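As C-alpha cells, the structure follows; a few thoughts come after it.
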Amino acid sequence: MKTVTIDPITRLEGHGKITIFLDKDGNVDNAYLQIPELRGFERFSQGRRAEDMPQITSRICGVCPVAHHFASTKALDEAFHVKPPAAASKLRELMYCGYFIYDHILHFYFLGGPDFVVGPDAPASQRNILGVIQKAGVDVGKEVIKHRAYGQKITAILGGKATHPVCGLPGGVSKGLDKEEVQEIKEMVKSCVDFSKFSLKLFDDVVLKNKDYVDMIKSDPYNLETYNMGLVDARNKVNFYDGMIRVTDQNAEEFLKFSGEDYTKHVSEHVEPWSYMKFPYLKKIGWHGLKDGKTSGVYRVGPLGRLNAADGMATPLADTEYKRFYETLGGKPVNSTLAYHWARLIELLYATERATELINDSDITSKHIRNPVGEPSEGVGVVEAARGTLIHHYNLDKNGLIEKANLIVATTNNAGAITMSIRDAAKGMIKKGEINNGILNKIEMAFRAYDPCFACATHSLPGGMPMEINIYDKNKKLYKTIKNF
Amino acid sequence: MKTIVLGIGNPILGDDGVGIKVVRELKKHLKDPDVKLDEAATGGINLLDQIIGFDKAILVDTIKNKNIRNGEIKRFPLGELSSSHSFNPHDIGLPEACKLAKRLGETRIPHDITVFGIALDKMQYEFGEELSEEISKTVPKTVDMIMSELDDDKKDPVEEI
C-alpha cells in the first residue's frame, strides 16, 4: 500500500495531516484527515465563575472569538433563566453581523478565492491575495481591506474589542450605542452592502462564466450527499445568531427541528481510533461509517449546510441570490462542496442587509440592555459560527460556578464531511499513482471550502504552512518526498 | 521614535501564552510614553492593523523549528521568516499582510519589525494558564533583552534596518 501525506496544509495552519493510502495500482484506496484537538477544556473551566466564560471561551480559538463569546453568553442566559431585552438581542445580532462580514470577506478573498480568481493550477506563490490583486486590480484590493476593516470596526464598537469582545453578559450586553456610533455604523454597513453585491458579481464573472469552473463545481469528486444542519428563524430562514436547529435530508425536506437544549437527544459523537477529532452524527440515523446518503448520520454545517437547511434568506437581496443559487446549480439541495464559496458570499450579503435592518431599528439606541438574572442552573447556547453550528453547554452550581462544560465546535460538526470530501477529491484526482502539487491543491480545495478552524490554531512563528508530501510504497516505506519549503 | 511591543499568544494555552506573559511583565518595568505595550491573539491582517503607524514593532511570540532548543530565545527581523503563511488557519501571515499593504499603497508600516521568538519544542494542546518551568525562565530573560533593545534604540535612534 502506498501512502501520500500532505503535512501540514497550506494556508490553513494547525497541524492537520492528510494521509492518502494508495492501492497497488496507485489509485486511492482511502484518505484520512488527522487533527490534534485541544484538550482539557472541561477541567480548565471547572470551578470558574460562569460570567467569565464568554471571555475565556473567546480565547479558545483565534478564528471565531465572537462566535464563542455569544454561544457562551446565550448558554448563560439559559443557565440564569433570563431573557435579554429586545435591544440587547439586537445589539448582539448586529455585532454578530459585523463578525460575519469580516470573516466571510477574509475567507473569500484571502483563502478560498485565490483558487478561482488566480486558478487552481497556478503556482502556490501566486495563489494568494496578492495574486488576486494582480488579476482584479489594486482598487479591488483596497475595497477588500476597507470592508474587512469595517466588519472589524462594527464588532469593536459593539464588543469593546474586535478580537476578544467583552460585551456579552447573562441577560444582555454591557454597552449600548450612542447616536454618533449609530451614524458611523450606518455608513459602514451601507458601503458593505454594495461591496457584497460587487463580490457576488465578481464570483459571477470569474467563476460562473467559466465553464471549467462550473464543471469542476458540479463534478463528482466534489459532491457529497449528506444531511444539512443550520439555525433557522420562525419562518425557516437562515439565522446566524438565534433560532431552532433544523436538519434537512437529501431531498431538502425537513428531517429534524429542535431547540439547542435538545441537542444531546439528536446528536452524538463517534470516535475513531486514528483521529483525535470526534465525528458527530444524527442519532436517529446512527453512525454507519464515513459515507454519505440517507442511511448515514453524517451532516454538514457552515454556509452550504445553512442554505440547504433553510427555506430561504430573511432579507430581499440575499433571498434573490438564494433562489438563483439553486436555479443555477440544479435544484435543492446543492451538494457540491465547492458551492460553499458561493453560499458564503450570499451569506455576506445577508449579513450586510440584516445589519442595515438592525442599525435602523428604533430599539438600537435603547438604554434598557440588561435584565436581572435568576438562579444558576444549566444552559445550552447555540449560534452559527461563520463555519457552522457551535454549541456551548454548561452546568452551574448554586454559587454560579461551572461544574461541567461541553462544547461542540463548528469544524467538529463537519469532521465526517471534510474527511469524505478529501477522500473523494483524492479518488477523482490521483490516478495510477500520478501525483503533483496541482492535483494536491485540488484536494486541498475540497478541504478549504469548509473554512475549517482547528482548535490547534496556535500561531507559532514561523509556524507556516510548508507542505510536505510523503509517498510510501505498499510496504509503507517512504520512496518519495515533495516539499514546497 | 514610536515603538510597539506586541505579545502574541493564547494566555489559556500553557506555554503558548509566553509572549503575552512577557508583555505583562514588561508593563511593570517600563514607563515610556513612546513605547506601547499590547497583546494579540492572531497573525496576519489583524496583527498588521495593530502595528500600523509605529516606527518599530517588536513581536514576542513562540517559535518552532527543529534546529532550536526548547526555551531558546531568538531575536531576528521579521523578514528572516521563511514562511509567508499564517500563524492562524483563517488568516494570512504577517509578512504577506505587509506585502499586501505595501502593494495597496500603505506607507505607515513599521520600517523595523523585530521578532523575539521563544522556542517551544512541542505545540501546546492542553488548556492551562501556567507556563512550564523551563519556559517561565525565559520571561525575565526576554524582558531584559527587550528593555536593553529599547534603551539602545533611544541612544541611537537613527539606527535603522
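From first to last, the protein sequence lines are chains A and B.
For what it's worth, the numbering used here labels the leading residue of the first sequence as -10, then goes sequentially.
For what it's worth, the numbering used here labels the leading residue of the second sequence as 656, then goes sequentially.
Ideal Cβ placement from N, Cα and C applies to all residues, glycine included.
As the structure is a prediction and not an experimental result, all values here were calculated from the model.
Just to confirm my understanding: we take LYS809(B), look at its own chain, exclude 5 residues before and 5 after, and list those with CB closer than 7 Å. What are they?
If we look at LYS809(B) and ignore the five residues flanking it on each side, it has no Cβ neighbours.
Taking 7 Å as the limit between beta carbons, can you name the residues of its chain near ASN325(A), skipping five residues before and five after?
According to the sequence shown, residue 325(A) is Ser rather than Asn. Excluding the 5 residues flanking it on each side, SER325(A) has same chain C-beta neighbours closer than 7 Å at ILE206, LYS207, TYR211, ASN212 and LEU318, in chain order.
Going by the beta-carbon positions, is the gap between ILE234(A) and HIS255(A) smaller than 9 Å?
yes
Distance, ARG48(A) Cα to ILE675(B) Cα:
13 Å
Out of GLU364(A), GLY51(A), ASN225(A) and ASP194(A), point me to the one whose CA is closest to ILE667(B)'s CA.
GLY51(A)
Rounded to whole angstroms, what's the CA-CA distance from GLU788(B) to GLY748(B)? Just pull it up for me.
Near 30 Å, if we compare the C-alpha coordinates of GLY748(B) and GLU788(B).
Run through chain B and tell me which residues come within less than 9 Å of GLY29(A), C-beta to C-beta.
TYR780, GLU781, PHE782 and GLY783
Sorted by chain position, which residues of the same chain lie with C-beta nearer than 8 Å to VAL17(A)'s C-beta, five sequence neighbours on each side aside?
These residues qualify, in order along the chain: ILE9, PHE10, LEU11, ARG412, ALA415, LYS416 and ILE419.
Is the CB of ILE7(A) under 9 Å away from at least one CB in chain B?
no
Span of the beta strand (DSSP E), counted from its first residue to its last, around HIS259(A)
256 to 260
Going along chain A, which residues have a C-beta under 8 Å from LYS754(B)?
Close to LYS754(B), with beta-carbon spacing below 8 Å, are these residues of chain A in chain order: LEU119.
Return the chain-ordered list of same chain residues with a C-beta closer than 7 Å to the C-beta of VAL290(A), the five sequence neighbours on each side being excluded.
MET218, GLY219, GLY377, THR378, ALA399, ASN402 and ASN403
Determine, using beta carbons only, whether ILE764(B) comes closer than 9 Å to chain A.
no
With DSSP collapsed to three states, give me the class of LYS280(A).
LYS280(A) falls in the coil class under three-state DSSP.
Can you check whether the C-beta of ASP704(B) is within less than 9 Å of a C-beta belonging to chain A?
Cβ-Cβ to chain A under 9 Å: yes for ASP704(B).
is_contact[LEU95(A), chain B] using C-beta, thresh 9 Å
yes
Check whether chain A comes within 9 Å of LEU661(B), counting only Cβ atoms and requiring the distance to be less than that.
no
Are HIS93(A) and PRO305(A) closer than 9 Å when you measure CB to CB?
no
Does the ligand NAD have even one heavy atom less than 8 Å from the beta-carbon of ALA435(A)?
Of ligands this structure carries none, so the ligand NAD is not represented either.
Taking CB distances under 9 Å as the criterion, tell me whether PRO732(B) reaches chain A.
no
Span of the alpha helix (DSSP H) around PHE105(A)
Taken as a continuous stretch (DSSP letters only), the alpha helix (DSSP H) holding PHE105(A) covers 103 to 106.
Using a Cβ-Cβ distance cut-off of 9 Å, determine whether PRO451(A) contacts chain B.
Because PRO451(A) carries a pLDDT of 37, less than 50, the predicted location of this residue cannot be relied on, and the following value inherits that uncertainty. Closer than 9 Å to some Cβ of chain B, the Cβ of PRO451(A) qualifies, so yes.
How is ASP440(A) classed by DSSP in three states: helix, strand or coil?
Assignment of ASP440(A) by DSSP, reduced to helix, strand and coil, places it in the coil class.
Cβ distance (whole Å) where LEU755(B) is taken to contact ILE118(A) below 8 Å:
6 Å
Around the C-beta of LEU450(A), are 16 or more other C-beta atoms found within 10 angstroms, so that it is buried, or is it exposed?
Summary for LEU450(A): the model assigns pLDDT 41, below 50, so the residue's position carries little reliability; its value from the coordinates is reported in the next sentence. Buried, because 16 or more other Cβ atoms sit within 10 Å of the Cβ of LEU450(A).
Quick check on TYR265(A): does DSSP put it in helix, strand or coil?
Note: TYR265(A) maps to coil in three-state DSSP.
Keeping to the same chain, check which residues put their C-beta closer than 6 Å to that of THR797(B); ignore five residues upstream and five downstream.
Only VAL677, ILE728 and PHE771 meet the Cβ criterion.
In or out: ARG730(B) buried (at least 16 other Cβ within 10 Å) or exposed?
exposed
Which residues mark the beginning and the end of the alpha helix (DSSP H) in which TYR98(A) is found?
Note, TYR98(A): premise wrong, no alpha helix (DSSP H); not H, not E.
Segment limits, alpha helix (DSSP H) that includes THR400(A)
399 to 402
For the alpha helix (DSSP H) that VAL133(A) lies in, which residues bound it at each end?
For VAL133(A), the enclosing alpha helix (DSSP H) has its first and last residue at 127 to 148.
I'd like the list of long-range same chain contacts for PHE247(A), defined as Cβ closer than 8 Å, with 5 residues on each side in sequence excluded.
MET233, ILE234, LYS254 and HIS255
Determine contact between the stretch 329 to 345 of chain A and the stretch 176 to 190 of chain A, defined as no fewer than three beta-carbon pairs at a distance below 8 Å.
yes
Proximal chain A residues relative to ALA696(B), where beta-carbon distance stays under 8 Å:
ARG48, GLY51, PRO54, THR152, HIS153 and HIS448
Starting from the N-terminal side, write out each stretch of the beta strand (DSSP E) that is 3 residues or longer and does not extend beyond the stretch 709 to 739 of chain B.
711 to 718 and 728 to 732
Return no unless some Cβ of chain A is closer than 9 Å to the Cβ of GLN667(B).
Rather than Gln, the amino acid found at residue 667(B) in this sequence is Ile. True, the Cβ-Cβ gap to chain A drops below 9 Å.
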